[in-house]
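Structure first, commentary second.
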Amino acid sequence: MSATRGRAPLIKVKRAYGDVVEGVALVSREGFSPRYDLDRWSGLISRPGHALEGHSLKDKILIMPSAKGGIAAGWAFYDIKHKGIAPKAFVFGVTNPVMVQGAVFAGITITEGWSRDPYRWIETGDIVRVDPKRKTIQRVQSRP
Amino acid sequence: MRLSPDERKMLRGDKGAAAKEALELQIAVGKFFGARRLVPVTNVHMMGDIEVMGDSGKAFLERMTRLNARCVVTTTTNARCIDFDYVAKLRQDPREAEKEKQLIAYLRRMDVVTADTCINYQTLYQPHQGEHVAWGDTGTVIYANSVFGARSNFEAGPAALAAGITGRVPEYGFHLDRHRRGNFQVDLKADLGDLADWGALGKLVGESHQNYFAVPVFSGVKRGPSADQLKHLGASLASYGSMGMFHMVGVTPEAPTLKAAFGGARPKEVLTVTNRDIERVYAGYSAKGNPLNLVVFSGPQQSLFEMKTLASLLDGKKVKAGSHLFVTTSNGVKSAARQLGYLQSIEAAGGIVLEGVCFYILQNIAQMRTQNAWSNLVTNSAKLANIIGAHKFNTLLRRTADCVRIAVTGEER
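Chains as they are written, first to last, in the numbering used here: chain X, 1 to 144; chain C, 145 to 557.
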C-alpha cells in the first residue's frame with residue numbers, strides 16, 4: 001500500500017465530534033475494537049494477526065475502515081484516556097454508536113465517513129490534522 | 145436537537161448535576177448521529193464491572209453517586225468479571241474483587257438492579273414490539289431489535305447509565321423505521337442444527353458485512369429456530385459484523401414476508417449459505433498441534449435449556465484430568481439448574497459453573513491462560529471464539545457435543 005504523495009487534498013468527513021487535533025497517523029485496513037484487539041494496559045494492538053499488531057495507539061490519529069462489536073468500548077476509551085495511552089482521534093469509515101458514545105464520554109475526537117479514500121492520501125507516519133468543526137481531515141506533513 | 149420543557153429543565157440542572165451531565169452526553173452523541181429529539185425508554189441494561197471500567201470508571205461511578213444520581217427506569221447490569229465464590233479458585237486478584245464489590249455498591253445506590261446477566265432477554269425483561277429500550281451488550285441489543293421488534297441502539301456502559309438517569313435516549317439508528325429495513329438477503333440452504341451452526345452462520349454473514357447499519361434478512365429457514373439458536377446467531381452477527389438487527393422471514397415480527405422485511409425495496413445483494421459453507425467455517429479452526437485442554441460454554445451465558453443439554457451430555461462422564469470445562473450462566477439459571485439437578489451433573493463431571501460472569505471478561509483471564517498453560521480454547525460460541533483473541537487464545541469453534549467430547553477425551557476425533 002502506498003499513498004499518493006504530493007499535495008494532499010482536504011477530505012471531508014460525514015460526522016464528527018471533539019477538538020481539533022494534529023498527530024501521527026496510524027492507518028489500518030482492518031476494523032478495530034478496543035476490547036478484541038487492544039491490550040488496555042500497554043496500549044498496543046495485541047490481537048494476533050491484526051493488521052496493526054504490536055503498534056501503539058498512544059497519541060495517534062487512528063484511521064480505520066470500520067468498528068467491530070463490543071459494548072465495552074464505552075468504558076475502555078475512558079480507561080485508556082486516563083492511563084495516558086489513548087489515541088488523539090478515531091477516524092472511521094463506518095462506526096457504531098458504542099465508539100461514538102465512548103469517544104464522547106472520554107473526550108476523544110471521532111469522525112465517520114469520508115468524501116475520498118484516505119488510504120490514497122494518508123499513510124502511517126504522516127502528520128494529519130482532524131478538524132471536527134469543519135468536518136475535515138488532511139495530511140499536513142508526509143512521514144519522514 | 146428539539147428538547148421538551150422537561151429536558152430543558154434537566155439541561156439547566158433543575159434535576160440535579162448527574163442528570164444534567166447524563167443528558168449532555170446524550171445530546172452530544174445524538175448530534176453526531178443527527179438525532180432530532182430524545183425518546184423515552186422503559187428499560188435499561190448496562191455493562192459495568194471493574195475489568196471493563198478500570199479505576200477511572202469506578203471513580204466516575206463514585207462521583208455520580210456523590211451527585212445523587214438515580215435511575216428513573218428499571219436498569220439492570222450485564223455479566224461481570226468476578227464470581228465472588230471463585231476468586232481464590234481462579235487465582236483472581238482479591239484487590240480487584242474488593243473494587244468490584246464497591247462498584248456494585250455504587251450501582252445499587254443509583255437504584256441499578258445488579259442482576260449480572262447478558263441474557264436479560266431470556267431471563268429478566270422481554271420488551272414488546274416498538275418499545276424503546278437502552279441496552280448494552282451487543283447480543284442483547286440485536287435480540288431486542290430482531291426477535292422482539294423492540295428498539296435499541298448499542299448502548300455502551302456510560303451511555304446506558306445516562307439513559308437510566310434521564311429515562312430517555314437520542315432518537316437515531318434503530319429507533320427509526322428507516323434503519324430497521326433489511327438491506328441484503330441471506331438465503332439459507334443449510335440445515336443449521338447445533339447452536340454452533342447458528343453462530344457459524346453469524347460469522348459468515350457478519351465478517352463479510354461489517355457495518356452497524358447492515359441488516360441481513362434471512363430467508364428459507366427450514367424450521368422455526370429456538371430462542372437459543374437465535375441468541376447464538378444474533379450474538380455472532382453483532383460480534384463479527386457489529387450488527388444491531390436482522391430479520392428472518394416468517395420468524396421475526398417485522399418480517400412476515402420478504403417484501404415487508406425490505407420495506408418494499410429490493411435487496412442490494414443476495415447470499416446463499418449451504419451446509420458446505422458452514423463446514424468450511426469449522427474447518428477454518430485448528431489446534432495447531434497444541435493440547436485441547438480448555439472447553440468453555442459462555443458468551444452468551446447459558447440458558448436453562450443449554451444447561452440441561454450440557455448436563456445430559458456430561459452425565460456419567462468425567463472431564464479429562466488436566467483439562468478444564470467452564471460454563472457461565474446467570475444467578476437465576478444456576479439456581480434453577482441446581483433445583484433440577486443439571487448443575488450437579490455438570491459439576492460431578494468436573495465442570496466449573498460460574499454465575500453472573502462472562503468468560504472473556506473474567507478478571508485476570510490473560511494470567512489464567514498462562515498459569516494453566518492454555519493455548520487453545522474450544523467453544524460452541526462463535527462470539528466467544530471471536531472476542532477472546534485479544535487475550536491471545538487460539539480458538540476452535542465446535543458443535544456442542546463435539547466440545548463435550550473434547551473436554552472428556554482431549555481429542556478432536
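Built from N, CA and C at the ideal position, the CB exists for glycine as well.
Does the Cβ of residue i have 16 or more other Cβ atoms within 10 Å, making it buried, or fewer, making it exposed?
i, result
"residue 333(C)", "exposed"
"residue 507(C)", "buried"
"residue 428(C)", "exposed"
"residue 1(X)", "Any reading at residue 1(X) is ruled out, since the residue's pLDDT is 47, under 50, leaving its predicted position unreliable."
"residue 222(C)", "buried"
"residue 489(C)", "buried"
"residue 366(C)", "exposed"
"residue 370(C)", "exposed"
"residue 101(X)", "buried"
"residue 266(C)", "buried"
"residue 527(C)", "buried"
"residue 414(C)", "exposed"
"residue 455(C)", "buried"
"residue 141(X)", "exposed"
Based on DSSP bridge pairs, tell me the residues matched to residue i.
i, result
"residue 89(X)", "61(X) and 109(X)"
"residue 276(C)", "295(C)"
"residue 314(C)", "182(C)"
"residue 523(C)", "440(C) and 541(C)"
"residue 447(C)", "Answer is none; residue 447(C) lacks a bridge partner."
"residue 362(C)", "330(C) and 392(C)"
"residue 15(X)", "112(X)"
"residue 32(X)", "67(X)"
"residue 38(X)", "45(X)"
By the DSSP assignment, the alpha helix (DSSP H) with residue i in it spans what residues?
i, result
"residue 200(C)", "194 to 210"
"residue 531(C)", "526 to 531"
"residue 535(C)", "It is not in any alpha helix (DSSP H) - residue 535(C) carries neither H nor E in the DSSP assignment."
"residue 385(C)", "371 to 385"
"residue 253(C)", "238 to 253"
"residue 346(C)", "339 to 351"
"residue 430(C)", "Segment: none, residue 430(C) is in no alpha helix (DSSP H) and carries neither H nor E."
"residue 397(C)", "Residue 397(C) -> no alpha helix (DSSP H), and no H or E assigned at all."
"residue 368(C)", "First-last for residue 368(C): undefined, no H or E at that position."
"residue 491(C)", "486 to 492"
"residue 121(X)", "118 to 121"
Residue i lies in the beta strand (DSSP E); which residues open and close that run?
i, result
"residue 418(C)", "That residue, residue 418(C), is in no beta strand (DSSP E); it is neither H nor E in DSSP."
"residue 499(C)", "496 to 499"
"residue 302(C)", "No beta strand (DSSP E) contains residue 302(C), which is instead part of the alpha helix (DSSP H) from 301 to 310."
"residue 127(X)", "127 to 131"
"residue 22(X)", "21 to 27"
"residue 136(X)", "136 to 141"
"residue 322(C)", "From DSSP, residue 322(C) is part of no beta strand (DSSP E); its letter is neither H nor E."
Helix, strand or coil: which one does DSSP assign to residue i?
i, result
"residue 176(C)", "helix"
"residue 222(C)", "coil"
"residue 191(C)", "coil"
"residue 469(C)", "strand"
"residue 164(C)", "helix"
"residue 289(C)", "helix"
"residue 149(C)", "helix"
"residue 71(X)", "coil"
"residue 94(X)", "strand"
"residue 100(X)", "helix"
"residue 44(X)", "strand"
"residue 474(C)", "coil"
"residue 231(C)", "coil"
Please report the straight-line C-alpha distance between residue i and residue j, rounded to a whole angstrom.
i, j, result
"residue 450(C)", "residue 271(C)", "23 Å"
"residue 125(X)", "residue 31(X)", "19 Å"
"residue 345(C)", "residue 17(X)", "35 Å"
"residue 22(X)", "residue 363(C)", "48 Å"
"residue 318(C)", "residue 387(C)", "11 Å"
"residue 39(X)", "residue 509(C)", "12 Å"
"residue 144(X)", "residue 15(X)", "30 Å"
"residue 64(X)", "residue 384(C)", "16 Å"
"residue 376(C)", "residue 87(X)", "33 Å"
"residue 422(C)", "residue 540(C)", "14 Å"
"residue 308(C)", "residue 258(C)", "13 Å"
"residue 561(C)", "residue 264(C)", "Residue coverage of chain C in this structure runs from 145 to 557, which leaves residue 561(C) outside it and unanswerable."
"residue 171(C)", "residue 462(C)", "55 Å"
"residue 117(X)", "residue 92(X)", "12 Å"
"residue 303(C)", "residue 164(C)", "13 Å"
"residue 482(C)", "residue 474(C)", "12 Å"
"residue 556(C)", "residue 550(C)", "6 Å"
"residue 199(C)", "residue 246(C)", "11 Å"
"residue 60(X)", "residue 109(X)", "11 Å"
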